[in-house]
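Trainee:
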Amino acid sequence: MSALSLLTACGGGGGGGDSSSGGDSGGDNGGDNGGTQISACADSVAVASLTASQDESSLSDSLSNAFLNRSNQGLVLPERSALANFSVSGSIVIPGGVMVDSDTADPANDVSNNSVASAQAILNPVSLAGYVSTRIGLHTDPDGFGVTSFPRDENDYYRVILKKSQNIALYSVDSVDNSAQSLCLLDSEGNETFTQTSGSLVKTMVVPADGEYVIRVRARGVSALYQLVIGQATTARQSTLDPEADFIPNQVLVKFKDGTEQLPSGVIQDNPALDGVKVVGGAGDTGWLMDLSARTATLNSLPAGVQIATLSADEQKQQTLQAIAEIRALDTVEYAEPNYIREAFLEPNDRLFETQWHYPLINLTQAWTIAQASPMAAVRVAVIDTGIRNHIDLVGQVGDGWDFIGNDDDATDPGSSLSGASNFHGTHVTGTVVALTDNVVGVAGVAGVTDVSGTRPVKVMPLRVLDGNGSGSDADVIEAIKYASGVSNKSGRTLSESERAHVINMSLGGPGNSAALQEAIDIARSNDVVVIAAAGNENTSSRSFPAANDGVIAVGAVGPDRTRASYSNFGTSADMWVDIVAPGGELRKDLNGDGQPDGILSTWDSDNSYVLLQGTSMASPHVAGVVALMRAINPNLTGANIETLLASGEISTDLGTRGQDPVFGFGLIDAALAVGAASGQGIPAVLVVTPEQLNFGSAEEEISLRLSNGGTEALEIQSVTGDESWLRVEEVDVEANGLGEYRVIAERSGLAIGVYLASVTITLADGEERVLSVILQVPDPNAGIDAGRHYVLIIQASSSTSLDPEAQQDITDADSGAYQYSFPVVPEDSYYIIAGTDMDNDGFICDEGEFCAEYPVLNEPQEVIVEGGAVAGLTMTTNYRLGFGQTATGDNGKRKGYPRFLVEDNQLDEAR
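With full-length UniProt numbering, letter number 359 in the sequence shown gets 359, and the count goes up by one each step, no holes.
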């Protein structure tokens, strides 16, 4: 076959290495024969050669041979062939703040925490994975035979030091009977303070006061996995009562702690503070809107027949605040606050928006405010990727597309062919661009907003060029670019000017320049299509194509602290090929202390699932979405105009060296500046703080704090100060107006074991203040970071060789915050390396609700080539596998992870 590069999807993070091409493939997996295959920006490690060119059918055959013929003792495998053998080894990193239940169904976790007296000490903040069950029983394999058992474990107790207003969340993830577990907060002696027992799969509560607490998770079903998260609230749960704020007099928004849909029985009649209050709207889960007119009239002892409206506006507001203060004092009230009048920036009501830290980072809410008040023209974004899945958050947002692998009009994203894996890369990218914004459901998309008429003008054109393993060929990518540009292509369809794309996003790439690819890009630009591509995730300055092609906007990635993401490619002073950066995520961090990794949250495989990913693949669609908004607001804006605005720094926030920078290009994309430049509108000054909350966790001593102006009008900072003796703030790179970079330092020495909350106050020249919450923990040395026993599998990517059973799996426990694994005898071949927990002891690792690591990054496994010598230093990160918004479906039809080797089960006879 002739030389043609292999392109892979740009998600994940890691070291550097080479991609190698695979063999010819045809049908629905190979695209055109005779072309270079391009790997989709998969991460690699210098000592390993990676490729994503494995034919799907041979991969499936391999897995069938090696993993599907299971017995009670393990896996039955064919004899090993006599090829050269080498060792494969590496490590698994545990993200900070991660812990595991000490008594899961896995016999390795057998330290009881079933009572207040034996409560397990845990960190704060923390993301903890656990198991409970109302009874003992059997897990069954697909043939219906009992192969593993699970124990009874009705209660898990955790002892932790909490601070007032922190959030506690319980996610019921996976169970045999789809049950939702109960959450209870007890005082240090074990007395109940508040319990949530509703059927919701997600339960939350707010800590009422500082102190030591015990948290109880109680089973309400069989063999259930859960995630317990403790962290800072992403937004203040209860606002300060400011009489100068603009709100509607005599109205209050009230939420009661039981969180039920119905108003608690007798709550108004039984509380004098609510005497005369009337419910006029709202709902239990989002808060009730109440009218205080009769209540405030009673407060003033007005004569009969005299209406509260006779008071001045200021007096009405003061009386409203007085009533709210009394309502807040009730034990049954979670929060009570004025009905504020909002006229500034749109903050959408999407349920998971508060987890999308990456949108405030690029000032997107300010851009949405302009967009929603403007007429917008139709814009199409071609997402050249793995295709698209049906999803509740993408309804009406996706137009016609094409599958250039199968050469048909069905661009459905098939997911990964690797058993236990799932790779819906194109669906994730599409969600970042156009997920329905402000629709109450799920997440928001960068360009998913309505215009002044209420229509959503930006749509995605899905073009499938990558297979289920995230790989595809230059030939198919070229045809997709031509299709999107409205020129003749192999589909047989030529789009008219009113049908073709305005923007192309390619979250894929690989080494090796191609004249044919450059010609296709030139055609797109000549038809006024803006071409955007991910810079790649090899942590190298080497060029990645198509991002480094002429005329392509190359997008690098930053984390939540606006520093270069650990995996993101970059340029040099002599070759500044990266043009701009956008949020790509850092799954190893939890900078805002909300208990979730700082990945990019977007749509995934099923109608209501969402996952966190990282990579320049996730950064690129942020830029594509912003450019789409620009072209929708100003349809006369040409691609050349946009390139000029980018190069002049008018649509980005400068990072690094002033002007163009080899790492950040022209800076971080700024949606507000971009939309303002497109519309010609000035934008009011707004202070943008990154990060908005500071989490020092159990080890950090310094955090970078950046202050910038999200508008075009003047803004000046007067001071930035900490409020505790152990917390100080230093200037690093600050302009005369006080904007710039600061360093926040925590002096840990002398602090006793415990959790510490503080604040950093930013005071503007006009006296306005922004207060940032700070959390720090001095951990108990007995409460170490541990994600539970991990089973590491090395899975052959082809069926040409086989391994001895004992060589297929390594079992490892955490040591000093990491796991080490080794396979001493591995024949030359290509392999996948997978690791994870089996907390419900069902014989499968990496189920929903368990920890999982896939080399090089979760959800995008890539092949490791063993050839000519040992392969060492393969590092991956384990992460909790939780699909946001996904309902637990248990053993009945729920996709399982990877089958592991089974060992003797001492409880099997008892369970039977």
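Where is the CB? At the ideal position from N, CA and C, for every residue including glycine.
Can you grab the Cα-Cα spacing for the pair Thr148 / Asn469, in whole Å?
Mentor: For this step, residue 148 is matched to residue 148 along the sequence shown. For this step, residue 469 is matched to residue 469 along the sequence shown. About 31 angstroms.
Trainee: Hey, out of Ile753, Val206, Phe570 and Pro691, whose CA is closest to Val663's CA?
Mentor: Along the sequence shown, read from residue 1 onward, the residue named residue 663 stands at position 663. The option with the nearest alpha carbon to Val663 is Phe570.
Trainee: Would you mind working out which of Glu692, Asp733 and Gly697 sits nearest Ile762, comparing C-alpha positions?
Mentor: Along the sequence shown, one-based indexing puts residue 762 at 762. That would be Glu692, whose Cα lies nearest to the Cα of Ile762.
Trainee: For residue 927 versus Thr386, is the C-beta spacing smaller than 8 angstroms?
Mentor: Outside the displayed range of the chain (1 to 912) lies residue 927, so it cannot be described from this structure.
Trainee: Going by alpha carbons, who is nearest to Val98 out of Val529, Thr877, Val675 and Gln862?
Mentor: Indexing the sequence shown from 1 puts residue 98 at position 98. Selected option, being the one with the closest Cα: Thr877.
Trainee: Could you tell me the alpha carbon to alpha carbon distance between Phe901 and Ala797, rounded to whole angstroms?
Mentor: Position 901 of the sequence shown, counting from 1, holds the residue named residue 901. Position 797 of the sequence shown, counting from 1, holds the residue named residue 797. Rounded to whole angstroms, Phe901 to Ala797 spans 18 angstroms at the Cα level.
Trainee: Checking the sheet assignment: what are the DSSP bridge partners for Trp357?
Mentor: The residue given as residue 357 occupies position 357 in the sequence shown. BP columns for Trp357 are empty, so no partner.
Trainee: Which class does Gly23 belong to by DSSP, given the choice of helix, strand or coil?
Mentor: The residue given as residue 23 occupies position 23 in the sequence shown. Annotation note: pLDDT 33 at Gly23 (below 50); position unreliable, coordinate value reported separately. Here Gly23 sits in coil by DSSP.
Trainee: Evaluate the contact criterion for the segment 605 to 623 versus the segment 848 to 863: three or more CB pairs, one atom per stretch, below 8 angstroms.
Mentor: With a cut-off of 8 angstroms, the segment 848 to 863 and the segment 605 to 623 count as touching, because enough Cβ pairs lie within range.
Trainee: If we ignore side chains and look at the alpha-carbon of each, how far apart do Trp726 and Val555 end up?
Mentor: In the sequence shown, residue 726 corresponds to position 726, counting from 1. In the sequence shown, residue 555 corresponds to position 555, counting from 1. Cα-Cα distance, rounded: 39 angstroms.
Trainee: Mapping DSSP to helix, strand and coil, what is Gly509?
Mentor: Looking up residue 509 in the sequence shown gives position 509. Residue state, collapsed to three classes: strand.
Trainee: If residue 914 and Ile523 are in contact, beta carbons under 8 angstroms, what's the gap, nearest whole angstrom?
Mentor: Since the displayed the chain opens at 1 and closes at 912, residue 914 lies outside it and no answer follows.
Trainee: In angstroms, rounded to a whole number, what distance separates the CA positions of Thr887 and Tyr742?
Mentor: For the purposes of this step, residue 887 is taken as the residue at position 887 of the sequence shown. For the purposes of this step, residue 742 is taken as the residue at position 742 of the sequence shown. Bear in mind that a pLDDT of 33 at Thr887, under 50, signals an unreliable position, so the model cannot answer this.
Trainee: Beta-carbon within less than 8 angstroms of Thr638's beta-carbon, same chain only, minus the 5 sequence neighbours each way: which residues are those?
Mentor: Here residue 638 is taken as the residue at index 638 of the sequence shown, counted from 1. So the qualifying residues of the chain are Asp528.
Trainee: Given a threshold of 16 other Cβ atoms within 10 Å of its Cβ, counted over all protein chains shown, does Lys317 qualify as buried or as exposed?
Mentor: If you number the sequence shown from 1, residue 317 lands on position 317. Buried, since its Cβ has 16 or more Cβ neighbours within 10 Å.
Trainee: Could you check the C-alpha separation between Ala557 and Val446 for me, to the nearest Å?
Mentor: For this step, residue 557 is matched to residue 557 along the sequence shown. For this step, residue 446 is matched to residue 446 along the sequence shown. Straight-line measurement puts the Cα of Val446 at about 16 angstroms from the Cα of Ala557.
Trainee: Taking just the CA atoms, how far does Val398 sit from Val379?
Mentor: In the sequence shown, the residue the question calls residue 379 occupies position 379. In the sequence shown, the residue the question calls residue 398 occupies position 398. Taking the straight line joining both Cα atoms gives about 12 angstroms.
Trainee: Report the three-state DSSP secondary structure of Gln249 (helix, strand or coil).
Mentor: The residue labelled residue 249 in the question sits at position 249 within the sequence shown. First, the amino acid is wrong: residue 249 is Pro here, not Gln. Here Pro249 sits in strand by DSSP.
Trainee: Mind checking who Ala219 pairs with in its DSSP beta bridge?
Mentor: Working through the sequence shown from its first residue, we reach residue 219 at position 219. DSSP lists no partner for Ala219.
Trainee: Once DSSP output is grouped into helix, strand and coil, what is the label at Met839?
Mentor: Walking along the sequence shown from the start, residue 839 turns up at place 839. Residue state, collapsed to three classes: coil.
Trainee: In chain order, what residues of the same chain have a beta carbon less than 7 angstroms from the beta carbon of Ala236, not counting five sequence neighbours either side?
Mentor: Locating residue 236 in the sequence shown gives position 236, counting from the first residue. Reliability of the predicted coordinates at Ala236 is poor, the pLDDT of 34 falling under 50, and no value is obtained from them.
Trainee: Along the chain, where does the beta strand (DSSP E) that runs through Leu170 open and close?
Mentor: Taking the sequence shown and counting its residues from 1, one reaches residue 170 at position 170. Counting along the chain, the beta strand (DSSP E) containing Leu170 begins and ends at Asn167 to Asp174.
Trainee: Note the first and the last residue of the continuous alpha helix (DSSP H) segment covering Lys203.
Mentor: Here the question's residue 203 lines up with position 203 in the sequence shown. Unbroken run through Lys203 is the beta strand (DSSP E), Val202 to Val206; no alpha helix (DSSP H).
Trainee: Assuming the contact rule is C-beta atoms closer than 8 angstroms, Ile521 and Pro546 should be a hit. Round their C-beta distance to whole Å, please.
Mentor: Against the sequence shown, residue 521 aligns to sequence position 521. Against the sequence shown, residue 546 aligns to sequence position 546. Confirmed, Cβ separation roughly 6 angstroms.
Trainee: If you count every other CB in all the chains shown that lies within 10 Å of the CB of Arg493, and 16 or more means buried, which is it?
Mentor: Here residue 493 refers to the residue found at position 493 when the sequence shown is read from its first residue. Answer is exposed; the Cβ neighbour count stays below 16.
Trainee: So what's Tyr483 in DSSP terms, helix, strand or just coil?
Mentor: By 1-based counting over the sequence shown, the position of residue 483 is 483. Here Tyr483 sits in helix by DSSP.
Trainee: Hey, out of Trp402, Ala444 and Asp467, whose CA is closest to Gly415's CA?
Mentor: By 1-based counting over the sequence shown, the position of residue 415 is 415. Considering only alpha carbons, the answer is Asp467.
Trainee: Mind checking whether Arg706 and Arg562 have CB atoms under 8 angstroms apart?
Mentor: On the sequence shown, position 706 is the one that residue 706 refers to. On the sequence shown, position 562 is the one that residue 562 refers to. Inclusion of Arg706 and Arg562 in the CB contact set at 8 angstroms is warranted, their separation being smaller than that value.
Trainee: With distances taken Cα to Cα, identify the nearest neighbour of Gly595 among Ala119, Met290, Ile633 and Thr355.
Mentor: Counted from its first residue, the sequence shown places residue 595 at position 595. The option with the nearest alpha carbon to Gly595 is Thr355.
Trainee: Leaving out five residues on either side along the sequence, give the residues of the same chain with a beta carbon under 6 angstroms from the beta carbon of Glu212.
Mentor: For this step, residue 212 is matched to residue 212 along the sequence shown. If we look at Glu212 and ignore the five residues flanking it on each side, its Cβ neighbours are Ile161 and Ser188.
Trainee: Suppose the cutoff is 7 angstroms on Cβ atoms and the five residues either side in sequence are ignored; what does the same chain contact list for Ser115 look like?
Mentor: Walking along the sequence shown from the start, residue 115 turns up at place 115. So the qualifying residues of the chain are Tyr157.
Trainee: Can you give me the C-alpha to C-alpha distance between Phe844 and Thr812, rounded to a whole angstrom?
Mentor: By one-based count along the sequence shown, residue 844 stands at place 844. By one-based count along the sequence shown, residue 812 stands at place 812. Distance between the alpha carbons of Phe844 and Thr812: 16 angstroms.
Trainee: In terms of residue numbering, what span does the alpha helix (DSSP H) encompassing Ser679 cover?
Mentor: Taking the sequence shown and counting its residues from 1, one reaches residue 679 at position 679. Ala671 to Ser679 is the span of the alpha helix (DSSP H), which, as asked, contains Ser679.
Trainee: So Gln809 and Leu793 are supposed to be a Cβ contact under 8 angstroms. How far apart are they, rounded?
Mentor: As a first step, residue 809 is located in the sequence shown; it is residue number 809 there, counting from the start. As a first step, residue 793 is located in the sequence shown; it is residue number 793 there, counting from the start. Right, their Cβ atoms sit about 6 angstroms apart.
Trainee: Whole-angstrom Cβ separation of Gly442 and Leu352, contact assumed at under 8 angstroms?
Mentor: On the sequence shown, residue 442 is found 442 positions in, with the first residue counted as 1. On the sequence shown, residue 352 is found 352 positions in, with the first residue counted as 1. Right, the Cβ-Cβ distance comes to about 6 angstroms (below 8 angstroms), so this counts as a contact.
Trainee: Is it right to say Gln319 is buried, meaning 16 or more other beta carbons lie within 10 angstroms of its own, or is it exposed?
Mentor: Mapped onto the sequence shown, residue 319 falls at position 319. Buried, because 16 or more other Cβ atoms sit within 10 Å of the Cβ of Gln319.
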